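Below: one structure, written as structure tokens.
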Amino acid sequence: MAFQSAEHAKAYWRENLGLMLKLLVVWFVVSYGFGILLVDALNQITFFGFKLGFWFAQQGSIITFVVLIYVYVKGMEKIDNKYNVHED
734 MAFQSAEHAK AYWRENLGLM LKLLVVWFVV SYGFGILLVD ALNQITFFGF KLGFWFAQQG
794 SIITFVVLIY VYVKGMEKID NKYNVHED
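As structure tokens, this is what we get:
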């Protein structure tokens, strides 16, 4: 990675860390919040015949993690292109 200046590098890493922080918050809410803290409230709702809390703990978190990976890849491509540090 060759940055044009130190400010350019700082701005890149600021955006990179911002994206990671947002995705980590989503990960935390889905895995810990829905799978553990809110499981009793979510179990009052059924989803495809399963209690929603159970579903989030087993399947919903996995699906969410795959989506988060996709969002991270697309977000980093956008940031890399913006700061001209993309890989060809």
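821 is the number that our numbering gives the last residue of the sequence shown; the numbers go up by one with no jumps.
Virtual Cβ for every residue (Gly too), placed ideally from N, Cα, C.
Fair warning: this is a prediction, and the values are worked out from it, not measured in the lab.
Spell out the partners DSSP gives THR797 in its beta bridges.
In the DSSP assignment, THR797 is bridged to no other residue.
Kindly give me the distance between the Cβ atoms of PHE736 and VAL799, rounded to whole angstroms, as I take these residues to be in contact under 8 Å.
31 Å between Cβ atoms; not a contact.
Under 8 Å Cβ to Cβ from PHE789, same chain only, skipping five residues before and after it: list those, please.
Only VAL763, PHE767, GLY768, VAL772 and LEU775 meet the Cβ criterion.
Helix, strand or coil for PHE780 per DSSP?
DSSP places PHE780 in strand when its eight states are reduced to three.
According to DSSP, is PHE736 helix, strand or coil?
In the structure shown, PHE736 sits in coil (DSSP, three-state: anything other than H, G, I, E or B).
Measuring CA to CA, which of ASP813, TYR805, LYS815 and GLU820 is closest to LEU754?
Nearest neighbour of LEU754 by Cα position, chosen from ASP813, TYR805, LYS815 and GLU820, turns out to be TYR805.
Would the beta-carbon of LEU785 fall within 8 Å of that of ILE796?
No, they are not a contact pair.
Roughly how far, in whole angstroms, is the beta-carbon of TYR745 from the beta-carbon of ILE812, given that I think they are within contact range, below 8 Å?
About 7 Å; that satisfies the 8 Å criterion.
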